[in-house]
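Encoded as structure tokens, the structure appears first; notes follow it.
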Amino acid sequence: MSHGSSPKPLTTRAAGPLTGTIRVPGDKSISHRALMFGALAVGRTTVTGLLESEDVLATAAAMRAVGAKIERQDDGLYVVDGIGLGSLLEPESVIDFGNAGTGVRLTMGIFGTHDIAATFVGDGSLSKRPMGRVLDPLREMGTNVIARSGDRLPASIRGAKQPLPMTYRVPMASAQVKSAVLLAGLNCPGETTVIEPIATRDHTEKMLAGFGAEISVTLNDAGERVIKLKGQPELKPQDLEVPGDPSSAGFPIVAALIVPGSDVTIENILLNEHRTGLITTLIEMGGDIEIVNRRHSGGEEIGDIKVKASQLKGITVPAKRAPSMIDEYPVLAVAAAFASGETHMPGLDELRVKESDRLAAVARGLEANGIPCVEGEDFLTVTGGANNIGGGTVVTHLDHRIAMSFLVLGMASHKPVTADDGAVIATSFPTFTSLFSELGAKVQETPSEAA
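Quick note, the sequence shown lines up with residues 13 to 463 if you use my numbering.
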């Protein structure tokens with residue numbers, strides 16, 4: 013995994029228009045869940061288009077550790093022979109999730125209501141991230157937890173012998189917390205209810221229904237989503253196709269908008285309404301973005317995205333939109349650097365607890381490249397149109413999205429931009445360099461000073 017490898021600085025520089033048609037890797041959120049639900053089903057699940065990143069492969073290893081058989085065929089098809097809900101084996105060694113926050117939190121939910129013990133570890137970045145938001149509701153369901161102060165990794169859990177269903181109101185907008193509680197509820201007798209005041213991505217609900225779970229989603233009088241799950245179903249295996257990851261698509265979308273003369277098409281992208289906030293925002297900023305060939309697959313809408321270079325203008329992004337694009341704010345900040353006027357982004361407190369303190373990391377990266385910005389406790393304001401930007405080295409803090417966002421910046425800057433570690437990109441977008449090279453970008457390893 014990249015967290016154990018040597019840093020590999022990467023540099024980008026302006027190199028003319030980006031043109032062509034590409035496909036980005038499969039959606040990370042759906043890839044994680046496909047492996048998990050396949051492991052919990054009885055029988056064989058097949059998955060095409062799986063994102064073969066370090067994060068997702070860590071989830072595959074975790075599911076193998078509890079008895080599922082997961083094999084990759086030569087054509088890239090993944091075959092998952094599930095062991096069935098309630099039949100998980102106790103792992104023989106620690107579960108290493110590297111940099112994968114989604115993988116570890118959802119897996120804690122699954123394991124937390126099975127009568128097994130497991131220990132979770134991660135890289136330096138993941139070990140700083142808060143796990144209490146998942147561990148607290150698991151404790152209420154009967155899970156025993158031993159963790160570092162602040163509920164950080166390494167952490168050991170002992171699943172409840174007689175888990176208790178619960179009604180849980182999610183205290184923050186977090187699809188990971190919601191999903192962890194629902195996955196824990198799978199192995200509880202009775203009904204588990206999750207109340208979600210602010211809607212987040214709903215892949216877990218859709219995929220649970222697809223695998224045969226009895227789940228309902230309604231709105232209460234306050235307009236909150238109320239998700240009810242009947243425990244201990246027999247999940248049915250599925251044949252799944254993973255669409256392209258809209259978070260990964262954000263990088264070529266923004267690059268095409270800000271590099272003059274660019275014309276890029278990204279095929280087969282997930283268009284779930286809880287994942288398209290970046291596209292909506294960029295269109296409001298004046299981006300020439302067209303979605304074509306809309307279609308449905310596996311309960312999700314997908315389509316192709318056509319993007320042309322555009323003159324962007326600054327806007328205020330509604331805070332309520334943050335859950336639908338929380339991972340995309342770093343690359344939105346790059347787009348804002350090339351927009352006229354100010355772009356104000358409120359409601360970003362969740363960025364403080366991602367793979368890094370992304371809000372601070374983005375602000376420092378902008379400053380290092382001569383781009384005016386103001387960082388608040390939960391907001392970022394970027395002033396676009398500065399002259400002579402670029403030329404800086406960005407500290408990535410083991411965060412793949414920081415690395416990729418600022419490499420996109422370099423593709424349109426006056427001077428080259430360096431990310432201090434490009435190796436971390438493999439956690440979510442292992443083909444980043446090759447795909448951008450196909451479009452005509454210059455992404456190069458940074459020569460060492462000794463060279």
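Glycine included, each C-beta is placed from N, C-alpha and C at the ideal position.
Using 10 angstroms around the beta-carbon of Lys173, count the other beta-carbons present and answer buried if the total reaches 16, otherwise exposed.
exposed
In this structure, what does DSSP give as the bridge partners for Cys385?
Val394
Which residues does DSSP pair with Thr204 in a beta bridge?
Partner(s): Leu241.
Is Ala438 near Thr405, with beta carbons less than 9 Å apart?
No, they are not a contact pair.
My parser needs the beta strand (DSSP E) runs of 3 or more residues fully inside the stretch 77 to 128; what are they?
81 to 84, 90 to 95
Based on the DSSP output, what are the partners of His286 in its beta bridges?
Answer is none; His286 lacks a bridge partner.
Opening and closing residue of the beta strand (DSSP E) in which Arg181 lies:
179 to 181
Identify which residue in Met219, Asp86, Asn381 has its Cα closest to the Cα of Glu312.
Met219
On the criterion of 16 or more Cβ atoms from any shown chain inside 10 Å, does Asp233 qualify as buried, or is it exposed?
exposed
According to DSSP, is Gln456 helix, strand or coil?
strand
Look at the Cβ atom of Glu340, then the Cβ atom of Thr395, and state whether they are nearer than 9 Å.
no
Would you identify the three-state DSSP class for Pro258, choosing helix, strand or coil?
helix
Taking its Cβ as the centre, do 16 or more other Cβ atoms sit within 10 Å of Lys190, making it buried, or is it exposed?
buried
Tell whether a beta-carbon distance below 9 Å holds between Val276 and Lys248.
no
Suppose contacts are defined by Cβ-Cβ distances below 9 Å. Is Met120 in contact with Met143 by that definition?
yes
Environment of Ser336 [buried if 16+ CB atoms lie within 10 Å]:
By the Cβ-count criterion, Ser336 is buried, with 16 or more other Cβ atoms from all chains shown falling within 10 Å of its own Cβ.
Rounded distance between the beta-carbons of Ser274 and Pro29, thought under 8 Å
5 Å
Is Gly273 helix, strand or coil when you go by DSSP?
coil
Short check: CB of Ala372 to CB of Thr408, under 9 Å?
no
Taking only beta-carbon positions, decide if Ser137 is within less than 9 Å of chain D.
Looking at the structure shown, chain D is missing, and only one protein chain is on hand.
Could you check whether Ser260 and Val36 sit closer than 9 Å to each other, using their CB atoms as the reference points?
yes
Would you mind stating whether Asp108 and Ala73 have Cβ atoms separated by less than 9 Å?
yes
Keeping to the same chain, check which residues put their C-beta closer than 7 Å to that of Gln250; ignore five residues upstream and five downstream.
Thr57, Gly222, Phe223
Delimiting residues of the alpha helix (DSSP H) encompassing Val343:
Residues 341 to 349.
Report the partner residues of His356 according to the DSSP bridge assignment.
Answer is Thr328, Thr393.
Rank Glu64, Val386, His412, Ala380 by C-alpha distance to the C-alpha of Asp87 and give the top, closest one.
Glu64
Could you check which residue in Asp411, Glu217, Leu451, Lys454 has the C-alpha nearest to that of Arg45?
Glu217
Paired residues, beta bridge with Arg11 - DSSP
The structure shown does not extend to residue 11, since the chain is modelled only from 13 to 463, so the question has no answer here.
Can you grab the Cα-Cα spacing for the pair Arg451 / Lys40, in whole Å?
Note on identity: in this sequence residue 451 is Leu, with Arg being the wrong assignment. The alpha-carbon atoms of Leu451 and Lys40 are separated by roughly 23 Å.
What is the C-beta distance between Glu362 and Lys20, in whole angstroms, given that I count them as a contact (C-beta under 8 Å)?
Actually they do not touch by this definition, with Cβ atoms about 28 Å apart.
Report the partner residues of Lys427 according to the DSSP bridge assignment.
Gly402
Once DSSP output is grouped into helix, strand and coil, what is the label at Phe263?
helix
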